[in-house]
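Q: Here you go, one structure.
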Amino acid sequence: MAKRKAPGWAGFPEGAALSLALYIAFQCLLALLTIRGILPEGAAFRFQAGSGAVAACCGGILAIRHTNAGTLWAALGSAAIFAVALVLGGMLVCDGVVWSRESAILLAAALAGGILAGLLGSRRGKKRKQPAVPARRAKVGKKA
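Numbering-wise (this note's numbering), the sequence shown opens with residue 59 and increments by one.
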């Protein structure tokens, strides 16, 4: 029995939850790499932005697979929920969000990951068989 897809936006929170979990895992990896001296501190922001885009892309692909909404809408919906979760998490942990160029870039990277998922996660249609062309019959009494 095939698993049914959720109607409308019901799969968006699943994709956003995956995005958030991946982003937290990437941040733990970033902390480990920075503490060990493998990744210089100057490259930490680029790693954060890239990990946000990758996490949003993975969550968007999951949302595409679990909903009947269009591919771009599902991916962008999941990425938007992920971006809102990042803002709310920043407000909760840091007693407010300081809006700067870097925070705008992080949110743009999350939405760009959603757009990328929408472009890469397009459903491929089933291959349709070409109707067979009936063989031509020679008319009776005529030579070919």
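Quick reminder that beta carbons are idealized off the backbone N, C-alpha and C, glycines included.
#1: So, do the stretch 134-148 and the stretch 86-105 have three or more beta carbon pairs nearer to each other than 8 Å?
#2: So, helix, strand or coil for T129, using DSSP?
#3: Can you have a look at L206 and say buried or exposed, based on whether 16 or more other CB atoms are within 10 angstroms of its CB?
#4: If distances are taken between C-alpha atoms only, which option among S161, T129 and A133 comes closest to P71?
#5: Who are the near neighbours of V198 in its chain, counting only those whose CB is closer than 8 Å to its CB and skipping five residues on each side?
#6: Taking T129 and G69 to be in contact with their CB atoms under 8 Å, please state how far apart those CB atoms are, rounded to whole angstroms.
#7: Ends of the alpha helix (DSSP H) at V112?
#8: Which residues mark the beginning and the end of the alpha helix (DSSP H) in which A219 is found?
#9: Taking a contact to mean a Cβ-Cβ separation below 8 Å, would you say G176 touches G118 in this structure?
#10: Compare the Cα-Cα distances from G135 to each of L174, L80, A79 and A83 and report the closest residue.
#11: Compare the beta carbon distance of A167 and A111 with 8 Å and say whether it is the shorter of the two.
#12: What is the DSSP secondary structure of I139, counted as helix, strand or coil?
A: Looking at the coordinates:
#1: no
#2: Here T129 sits in helix by DSSP.
#3: The structure shown does not extend to residue 206, since the chain spans only 59 to 202, so no value can be given for it.
#4: A133
#5: none
#6: That belief does not hold up - the Cβ atoms of T129 and G69 are roughly 12 Å apart, past 8 Å.
#7: A102 to H124
#8: Residue coverage of the chain in this structure runs from 59 to 202, which leaves residue 219 outside it and unanswerable.
#9: Yes, these two residues count as a Cβ contact at 8 Å.
#10: L174
#11: Yes, Cβ-Cβ distance for A167 and A111 is below 8 Å.
#12: helix
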